[in-house]
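Asker: This is the structure I want to talk about, given as structure tokens.
Numbering (UniProt numbering), first residue to last: 1 to 139.
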């Protein structure tokens with residue numbers, strides 16, 4: 001169960017990022033070590049074959065993983081993505097994608113997350129693993 005103050009911190013962090021609202025990402029669910037982000041697919045996100053651009057899929061996956069990592073932090077601490085690897089498994093043609101980020105390991109300086117991106121029919125479209133760097137309040 002996620003403490004109310006942690007949820008509010010994650011919600012504030014999500015809402016403060018103009019890019020996320022610009023592209024239409026939504027924070028669907030947050031729990032300890034987990035975050036679910038959704039995004040409607042738009043024509044503007046298409047690459048030349050009409051599929052959702054891989055950069056957009058990566059942005060959604062990274063956002064879910066980053067917010068999952070954020071649930072593990074004490075007040076004043078922050079995270080940024082240090083590295084990520086993503087496997088694109090199927091082209092995204094669905095109207096909506098849902099990314100579920102989960103913490104695999106949380107250390108003092110690094111948090112390892114895994115994110116799965118699915119369509120509305122629960123087909124796995126992409127899988128990402130990422131390392132999040134923890135920034136202390138004094139940094």
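Even glycine gets a Cβ: it sits at the ideal position worked out from N, Cα and C. Note that the structure is predicted; figures quoted are calculated from it, not measured.
Can you tell me whether DSSP reads residue 26 as helix, strand or coil?
Answerer: Within the chain shown, the letter at position 26 stands for residue 26. Note: residue 26 maps to strand in three-state DSSP.
Asker: Going by the CB atoms, is the gap between residue 30 and residue 48 shorter than 8 Å?
Answerer: Taking the first residue of the chain shown as 1, we reach residue 48 at position 48. Taking the first residue of the chain shown as 1, we reach residue 30 at position 30. Contact flag unset, no.
Asker: For a test of the three-state rule: what should DSSP assign to residue 73, helix, strand or coil?
Answerer: For the purposes of this step, residue 73 is taken as residue 73 along the chain shown, with counting starting at 1. Here residue 73 sits in coil by DSSP.
Asker: Let's see if you can read the secondary structure: which residues bound the beta strand (DSSP E) around residue 118?
Answerer: Taking the chain shown and counting its residues from 1, the one referred to as residue 118 is at position 118. Per DSSP, residue 118 belongs to the beta strand (DSSP E) from 110-119.
Asker: Just how far apart, CA to CA, sit residue 39 and residue 115?
Answerer: Translated into the one-based positions of the chain shown, residue 39 becomes position 39. Translated into the one-based positions of the chain shown, residue 115 becomes position 115. C-alpha of residue 39 to C-alpha of residue 115: approximately 15 Å in a straight line.
Asker: How many whole angstroms separate the CB atoms of residue 141 and residue 59, which I take to be in contact at a CB cut-off of 8 Å?
Answerer: Residue 141 cannot be examined here, being either before or after the span of the chain that is shown, 1 to 139.
Asker: Can you say whether residue 104 is buried or exposed, counting buried as having 16 or more other CB atoms within 10 angstroms of its CB?
Answerer: As a first step, residue 104 must be located in the chain shown, where it is residue number 104. Exposed: under 16 other Cβ atoms inside 10 Å.
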